[in-house]
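Participant: In our numbering, the protein residues as written are 5 to 94. Cβ atoms here follow ideal geometry from the backbone N, Cα and C, with glycine treated the same way. Structure provided below as structure tokens; questions to follow.
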């Protein structure tokens with residue numbers, strides 16, 4: 005996950021939401037600009053980039069909803085053949 009917020013804001017967000025994954029702090033908006041998701045020069049659109057082991061973007065989900073994002077990620081990763089935690093690789 006990436007955010008245009010600073011590291012301290014991201015840490016508080018992670019603690020409040022019990023997030024157990026890293027959040028990239030991008031207050032200079034460098035990553036948001038590189039992935040072309042910066043809106044009005046201020047904040048990033050919610051998009052999910054699925055990046056392969058070779059560093060190439062496989063899929064971009066531009067229709068991200070906070071209510072279904074977790075399920076959507078599982079579905080997209082399954083569709084890409086990525087084993088879920090505890091599953092054997094194909």
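Leaving aside the five residues before and after residue 62 along the sequence, list all residues of the same chain whose C-beta is less than 8 Å from its C-beta, in chain order.
Facilitator: Answer for residue 62: 54, 55, 56 and 84, listed in chain order.
Participant: Can we say the stretch 65-81 touches the stretch 22-29, given the rule of at least three CB pairs closer than 8 Å?
Facilitator: Short answer: they don't touch.
Participant: Kindly list the residues whose CB is nearer than 7 Å to the CB of residue 18, restricted to its own chain and excluding five residues on each side of it in sequence; keep chain order.
Facilitator: Contacts found: 27.
Participant: List the endpoints of the continuous beta strand (DSSP E) containing residue 2.
Facilitator: The structure shown has nothing for residue 2, since the chain only spans 5 to 94.
Participant: Do residue 8 and residue 38 have their C-beta atoms within less than 7 Å of each other?
Facilitator: No, these two residues do not count as a Cβ contact at 7 Å.
Participant: Would you report the Cα separation of residue 79 and residue 15, rounded to the nearest angstrom?
Facilitator: Rounded to whole angstroms, residue 79 to residue 15 spans 27 Å at the Cα level.
Participant: My output table needs one value for residue 63: the three-state DSSP class, helix, strand or coil.
Facilitator: Here residue 63 sits in strand by DSSP.
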